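Some notes on the structure that comes next.
Protein chains: 2
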Amino acid sequence: MKHKSFAKETCAIARSLNVVGEWWNLLIVREAFSGITKFADFQKRLGIARNILTVRLRQLVDDGILQTGKNGGERFEYTLTDKGRDLIYTLVAMSQWGSKWLFTSGKPSPRLVDKQDLLELSSLQLRSRNGRILGNNDVEFLKTHGKH
Amino acid sequence: MKHKSFAKETCAIARSLNVVGEWWNLLIVREAFSGITKFADFQKRLGIARNILTVRLRQLVDDGILQTGKNGGERFEYTLTDKGRDLIYTLVAMSQWGSKWLFTSGKPSPRLVDKQDLLELSSLQLRSRNGRILGNNDVEFLKTHGKH
């Protein structure tokens, strides 16, 4: 299904969805965070068709989320850019939401952990400008200008 | 395009995408956070076709993200459940990522603010179990069991 493009939206959420809203994109980014760099490995881990993976990887490179380089041999390697690494907050938010609400039985895998102690991260917290912790009823969307 | 279903995935991110990965869903949730409750208002704000909106709202109710109720008059009102309100972390993460990386010119709207002082939220931070602030290179996905 072709979506309406949100690229010109003034809402940062809509623009983000325009870039990473395609399911596979965030799962490819998840694999890249796990250290996967090669086409064949992405394909094997995700069980995604070659033609779809080709399009998705090219798009992620065009959007500046992945970068390509050759590492010694012949094969291209895909690694996260700074822009791509910054998607960790979105992945953590989705992972914590899913873990809390979508696992009535069983446990999620993989778990997102601190590299240093291999313990799971703390839950994300919303904080005001001056550092107060906010609940999910304490925030609102303030329309400043433009349509959204 | 029909996606492969990730409902049985053991990865919490994949399961979350299965529920909210459809673009419209997160934008409908964004509107619900802005106080929109009526079908006609969702439609007007999002510029979405009636038939698509009908399907999306029904799915969000089935998934326990929105709930319906009548408020005085005849019209159904859609409001966020606790599970739906908990998506604020995902919205904040996407909003902050988009604001940082997808606005080379212009400014995002709406802004996510603290209701109390109407100032924008602080950037989300990743923290270890004992509260240390972590950078986006300090976390990893640890496979514990099951396939993902």
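If you read the protein sequences in the order shown, they are chains U and B.
With the first letter of the first sequence counted as 1, position 46 gets the number 46 in the working numbering; the numbers rise by one all the way through.
With the first letter of the second sequence counted as 1, position 132 gets the number 1132 in the working numbering; the numbers rise by one all the way through.
From the three backbone atoms N, C-alpha and C, an ideal C-beta is built for every residue, glycine too.
None of these values were measured; they are calculated from a predicted model.
- Message: Between the stretch 1048-1056 of chain B and the stretch 1021-1029 of chain B, can you find at least three pairs of beta-carbon atoms closer than 8 Å?
- Response: yes
| task | Under the assumption that B/S1122 contacts U/G131 (Cβ atoms under 8 Å), give the Cβ distance between them as a whole number of angstroms. | result | 7 Å
query: Roughly how many angstroms separate the alpha carbons of U/K70 and U/E77, rounded to a whole number?
result: 6 Å
| message | If the criterion is Cβ atoms closer than 8 Å, does the pair B/L1088 and B/F1033 meet it? | response | Here residue 1088 of chain B turns out to be Ile, not Leu, going by the sequence shown. Yes, Cβ-Cβ distance for B/I1088 and B/F1033 is below 8 Å.
task = Return the residues of the stretch 1106-1129 of chain B that lie within a Cβ-Cβ distance of less than 9 Å from chain U, sorted by chain order.
result = G1106, K1107, P1108, S1109, P1110, R1111, L1112, V1113, D1114, K1115, Q1116, D1117, L1118, L1119, E1120, L1121, S1122, S1123, L1124, Q1125, L1126, R1127, S1128 and R1129
Can you tell which of B/G1098, B/L1066 and B/A1093 has the C-alpha that lies nearest to the C-alpha of B/R1085?
-> B/L1066
Review point. Closer than 8 Å, CB to CB, is B/A1032 near chain U or not?
Key: no
task = Label B/R1015 either buried or exposed according to how many other C-beta atoms from any shown protein chain fall within 10 Å of its C-beta, with 16 as the threshold for buried.
result = buried
Under 8 Å by beta carbon: chain B residues contacting U/N51 | By Cβ distance, chain B contributes nothing, its closest Cβ being about 13 Å from U/N51, past 8 Å.
Neighbour list for B/F1141 in chain U, Cβ cutoff strictly below 7 Å
R30, F33, S34, P110 and L112
Quiz item: Can B/R1045 and U/L142 be called in contact, C-beta distance under 8 Å?
Solution: no
- Query: So with Cβ pairs under 8 Å, would you call U/T104 a contact of chain B?
  - Reply: no
Delimiting residues of the beta strand (DSSP E) encompassing B/Q1067: L1066 to K1070
Cut-off 8 Å between Cβ atoms - residues of its own chain near B/P1108, not counting five sequence neighbours on either side: S1095, G1098 and S1099
Practice prompt. Could I get the ranges of all uninterrupted alpha helix (DSSP H) runs contained in the stretch 75-135 of chain U, with 4 residues as the minimum, in chain order?
Written response: 82-85 and 88-101
(message) Within the continuous alpha helix (DSSP H) that includes U/E31, where are the two ends?
(response) W23 to F33
| task | Go ahead and label U/K38 buried or exposed: buried means 16 or more other beta carbons lie within 10 angstroms of its beta carbon, across all protein chains shown. | result | exposed
Give me, in chain order, the residues of the same chain whose beta-carbon lies closer than 7 Å to that of U/R127; leave out the 5 immediate sequence neighbours on both sides.
I133 and L134
Checklist entry - Under 8 Å, do B/V1019 and U/L102 count as touching if we go by C-beta distance? => result yes
- Query: Which residues does DSSP pair with B/L1057 in a beta bridge?
  - Reply: The partner list for B/L1057 (beta bridge, DSSP) is empty, contrary to what the question assumes.
Opening and closing residue of the alpha helix (DSSP H) in which U/D63 lies: Careful: U/D63 lies outside any alpha helix (DSSP H) and carries neither H nor E.
Checklist line | Cross-chain neighbours of B/A1093 in chain U, by beta carbon under 7 Å | finding: Y89, T90 and A93
* To do: Determine the direct distance from the alpha carbon of U/V92 to that of U/E120, and round the result to whole angstroms.
  => 11 Å
Under 8 Å between the Cβ atoms of B/D1138 and U/V139?
-> no
Reduced DSSP category for U/K8 - H, G, I as helix; E, B as strand; rest coil:
coil
**Q.** Interface partners of U/A14 on chain B, CB under 7 Å
**A.** L1027
Report yes or no: is there a C-beta of chain U within less than 8 Å of the C-beta of B/G1098?
-> yes
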